[in-house]
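Asker: Line by line, the protein sequences give chains W and P.
All letters in the first sequence, in the order written, are residues 1 to 98 by my numbering.
All letters in the second sequence, in the order written, are residues 1001 to 1463 by my numbering.
Don't be surprised by glycine CBs; every beta carbon is placed ideally from N, CA and C.
I am attaching a structure below and will ask some questions about it afterwards.
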Amino acid sequence: MQTLTRRTFTKTVLGALPLMHESLRQVQSEEAKSVVHLPERVAGYLMTPEERRLALTFLENHEKNLQPLRDRELPNSLAPSFVFASPIIKGEEGAAGK
Amino acid sequence: MISDDILFSPISELSRILKRGKLSPVELTQAYLKRIERFSPRLNAFVTVTRELALEQAQQAERELIAGLYRGPLHGIPYAAKDLFAVKGYPTTWGAKPYAAQRIDEDATVIAKLRDAGAILLGKAAMSELAGGPPTASATGACRTPWDTTRWSGGSSSGSGAAVAAGLCAFALGTETWGSIMTPSSFCGITGLRPTFGRISRAGAMALSWTMDKVGPMCRTAMDCAAVLAVLHGKDDADAMTVRAPFKVTFTKARELVRAFRVGFVREDYAQWGEPDVAAAFTNALEVFKTLGIEATEVTLPDYPYETIAATIIAAEEASAFESLVRAGKVAGILDPDRRGELLGAQVISATDYLRCQRMRTLICRDIAELFTRYDIILGSSTLQCAPPIEASMAEIFGGGNTIEAVENLVGLPAVSVPCGFNSRNLPIGLKIIGRPFREADVLHMAHVYQSVTEWHRRRPRV
């Protein structure tokens, strides 16, 4: 493993900081325009700017696809399928529980 | 020396010669191991070859067969298992770099059942990382179809498909959440069965989506799939979703039986989403059934956003299944950037969105159950394209069409994919036969009858 001297530290880590800030600024600017809210951390993990960008892309697609479903009215009595059925759909033999 | 003809034989044939003592399980296992050594590196079909275990199991099978202790049709038959099934003493990588060193100190239920049936585990087959993603998203590199090694074998049961097609094993185990048995079966020109949800235990297998994961055999023929399912099906207390339901299939009088089926078919938009050769092969398959006295009528699926519902359920469940990976900051080890985004972003999918999709799934299950009061079998194309180049993106491969695939997986219907032709590049094309829940016998009978009058499943690639 390479020893991190003061000089290499300044050159590599500090040198990369402006780049990281720029990247973060870009993501923040994109997020300001976005309709989705993504916390700084997910599952307790602090995402890198690149990971935030990827996660936001996923969530924006998710939002776009889900919106028509949300507009659909579902009856209060309609339960999720996994609550009362195992497996999801019972056939003649499955229902017989043989 | 054992010929290629033997190594490409269906289980039924191998079983017959093993039982008669014309072939020894040790010789057969050694021949497959040699073939794996020779061809697997070109295909990236295996992650781990379990040589010591295979030879040990083969010797035991040989001793038992000589002593007249016959365990059944899988006794002495060598197979491969997708690398998401735990095998004691060997790594279980789930196809992903963050799990490269993972060892699970138990055998998955299916591995134990096959061991008890006398089958011989040759190795762990390659797979897409965490059972999803484009061709290159696998810790062992893109797995290639033996029909053209510049092209993908399909996913996520990539190695299982390639290994069976290349004659590296007699059969393999795969899993499907959304297309992962049907796609590689189609791209590799083999016969794959995705049983009803709850038919086969998933205990000891990686979970991607608890409400959608299924385990199934990938073989050379429908009869072989039946032989493997006969061993694997059944209730398992270690998987609460499993059901005790009988499975019996004899294949006698199959033609008479299938002639009584009410058969439908789904017409895909091949012009927009698929290949003309796939469309032509599907039309030809309908013609074959017609000559057998089976006239299929077009099915109209109830109108639902099936793909959005399936995608949301899988994303939310996988976010939970791999929460610890995210928490540990190891998502960076996932090769596919889109998947990294999904694993991270899906952590904040709302419970109401997830439940909305599961509630709509209830409606879908009811409507599809109603549809199946009018049909016994529905036919479709396993994939709308043939094996794509390794560089292809997910959007290029699965960009659209094949809505029925999301339906089948949301509802948990059984289906079998059989080869039904080849395109102009000599790449195999798959026909999908979908049935009612727990009626695997119906889809297998239908597939068997098709295979008894066609030769597509007998073709072998030149590796």
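With C-beta atoms as the reference, is Ser1417/P less than 9 angstroms away from Leu1431/P?
Answerer: By 1-based counting over the second sequence, the position of residue 1417/P is 417. By 1-based counting over the second sequence, the position of residue 1431/P is 431. In contact: Ser1417/P and Leu1431/P (Cβ atoms closer than 9 angstroms).
Asker: Can you list, in chain order, the residues of the segment 1301 to 1320 of chain P whose Cβ is nearer than 8 angstroms to any Cβ on chain W?
Answerer: Pro1305, Thr1308, Ile1309, Ala1311, Thr1312, Ala1315
Asker: For Thr1145/P, write down the residues that DSSP places opposite it in a beta bridge.
Answerer: Residue mapping note: residue 1145/P aligns to position 145 of the second sequence, counting from 1. Its beta-bridge partners are Asp1148/P.
Asker: Could you name the residues of the same chain whose beta carbon sits closer than 6 angstroms to that of Phe1008/P, not counting the 5 residues immediately before and after it, in chain order?
Answerer: Position 8 of the second sequence holds residue 1008/P. The answer, listed in chain order, is Gly1167, Arg1460.
Asker: If I'm right that Pro1025/P touches Leu1065/P with Cβ under 8 angstroms, what's the distance once you round it to whole angstroms?
Answerer: Locating residue 1025/P in the second sequence gives position 25, where the first residue counts as 1. Locating residue 1065/P in the second sequence gives position 65, where the first residue counts as 1. That pair is a contact at about 7 angstroms.
Asker: Contact between the segment 1278 to 1295 of chain P and the segment 1444 to 1461 of chain P: three or more CB pairs below 8 angstroms?
Answerer: yes
Asker: Let me check one thing: in DSSP terms, what residues is Gly1019/P bridge-paired to?
Answerer: For the purposes of this step, residue 1019/P is identified with residue 19 of the second sequence, where counting begins at 1. Checking the sequence, you will find Lys at residue 1019/P rather than Gly. Its beta-bridge partners do not exist; DSSP assigns none.
Asker: Looking at C-alpha atoms only, which residue of Glu1391/P, Gly1118/P, Ala1165/P is the closest neighbour of Gln1060/P?
Answerer: Within the second sequence, the letter at position 60 stands for residue 1060/P. Selected option, being the one with the closest Cα: Gly1118/P.
Asker: Name the residues in the segment 1182 to 1194 of chain P whose C-beta lies less than 7 angstroms from a C-beta of chain W; which are they?
Answerer: none
Asker: If I measure Cβ to Cβ from Tyr1032/P and keep anything under 7 angstroms in the same chain, skipping five residues before and after, which residues do I get?
Answerer: Residue 1032/P sits at position 32 when you count from the first residue of the second sequence. The answer, listed in chain order, is Leu1007, Pro1078, Leu1122, Leu1168, Cys1169.
Asker: Could you give the first and the last residue of the continuous alpha helix (DSSP H) run that contains Ser1153/P?
Answerer: Here the question's residue 1153/P lines up with position 153 in the second sequence. Per DSSP, Ser1153/P belongs to no alpha helix (DSSP H) and is neither H nor E.
Asker: Enumerate in chain order the residues of its own chain whose CB-to-CB distance from Ile1309/P is below 8 angstroms, with the five nearest sequence positions on each side excluded.
Answerer: Position 309 of the second sequence holds residue 1309/P. For Ile1309/P, the CB contacts under 8 angstroms within the same chain, skipping 5 residues up- and downstream, are Cys1357, Met1360, Arg1361, Ile1364, Ala1406, Leu1410 in chain order.
Asker: Does any C-beta atom of chain W lie closer than 9 angstroms to the C-beta of Pro1337/P?
Answerer: Position 337 of the second sequence, counted from the first residue, corresponds to residue 1337/P. Yes - at least one Cβ of chain W is within 9 angstroms of the one on Pro1337/P.
Asker: Skipping 5 residues on each side, what residues in its chain have a beta carbon closer than 6 angstroms to that of Tyr1070/P?
Answerer: Looking up residue 1070/P in the second sequence gives position 70. So the list is empty, once near-sequence residues are dropped.
Asker: What are the residues in the segment 1354 to 1387 of chain P lying within 9 angstroms of chain C by C-beta distance?
Answerer: The structure shown contains no chain C; its protein chains are W and P.
Asker: Could you tell me the distance, in whole angstroms, from the CA atom of Phe1247/P to the CA atom of Glu50/W?
Answerer: In the second sequence, residue 1247/P corresponds to position 247, counting from 1. In the first sequence, residue 50/W corresponds to position 50, counting from 1. Taking the straight line joining both Cα atoms gives about 50 angstroms.
Asker: Expressed to the nearest angstrom, what Euclidean distance is found between the alpha-carbon atoms of Ala998/P and Ala55/W?
Answerer: Here chain P comprises residues numbered 1001 to 1463, so residue 998/P is not present and cannot be evaluated.
Asker: 9 angstroms is my cut-off, CB to CB: does Ala1165/P come that close to chain W?
Answerer: As a working note, residue 1165/P is residue 165 in the second sequence. Answer no: the Cβ-Cβ gap between Ala1165/P and chain W never drops below 9 angstroms.
Asker: For a quick check, are the C-beta atoms of Ala1080/P and Ala1045/P less than 9 angstroms apart?
Answerer: Within the second sequence, the letter at position 80 stands for residue 1080/P. Within the second sequence, the letter at position 45 stands for residue 1045/P. It is a contact, given that the beta carbons lie within the stated cut-off.
Asker: So, is Arg1300/P buried or exposed, given that buried needs 16 or more other C-beta atoms within 10 angstroms?
Answerer: As a position in the second sequence, residue 1300/P is number 300, starting the count at 1. The sequence as given places Thr at residue 1300/P; Arg does not occur at that position. With fewer than 16 other Cβ atoms within 10 Å, it is exposed.
Asker: Name, going along the chain, the residues of the segment 1146 to 1176 of chain P whose beta-carbon falls closer than 8 angstroms to a beta-carbon of chain W.
Answerer: none
Asker: If distances are taken between C-alpha atoms only, which option among Asp1353/P, Trp1152/P, Thr1352/P, Phe1322/P comes closest to Gln1385/P?
Answerer: For this step, residue 1385/P is matched to residue 385 along the second sequence. Out of Asp1353/P, Trp1152/P, Thr1352/P, Phe1322/P, Trp1152/P has the C-alpha closest to the C-alpha of Gln1385/P.
Asker: Which bits of chain P does Val35/W rub up against, with CB to CB less than 8 angstroms?
Answerer: Residue mapping note: residue 35/W aligns to position 35 of the first sequence, counting from 1. By Cβ distance, chain P contributes nothing, its closest Cβ being about 13 angstroms from Val35/W, past 8 angstroms.
Asker: Please state if the CB of Lys1113/P and the CB of Ala1092/P are separated by a distance shorter than 9 angstroms.
Answerer: As a working mapping, residue 1092/P is identified with position 92 in the second sequence. As a working mapping, residue 1113/P is identified with position 113 in the second sequence. Residue identity differs from the one stated: residue 1092/P is Thr in this sequence, not Ala. Going by C-beta atoms, Thr1092/P is not nearer than 9 angstroms to Lys1113/P.
Asker: Between Asp1239/P and the rest of its own chain, which residues show a CB-CB distance below 8 angstroms, the 5 nearest in sequence each way excluded?
Answerer: In the second sequence, the residue the question calls residue 1239/P occupies position 239. Within the same chain, Asp1239/P has close Cβ partners Thr1109, Ser1201, Arg1202, Ala1203.
Asker: Which residues bound the alpha helix (DSSP H) around Leu1286/P?
Answerer: On the second sequence, position 286 is the one that residue 1286/P refers to. Its alpha helix (DSSP H) spans residues 1276 to 1291.
Asker: So Gly1264/P is in the beta strand (DSSP E); what residue range does that whole segment cover?
Answerer: Within the second sequence, residue 1264/P is the residue found at index 264, counting from 1. Gly1264/P -> beta strand (DSSP E) spans 1263 to 1265.
Asker: Any residues in the segment 1014 to 1027 of chain P with a beta carbon nearer than 7 angstroms to a beta carbon of chain W? Which ones, in chain order?
Answerer: none
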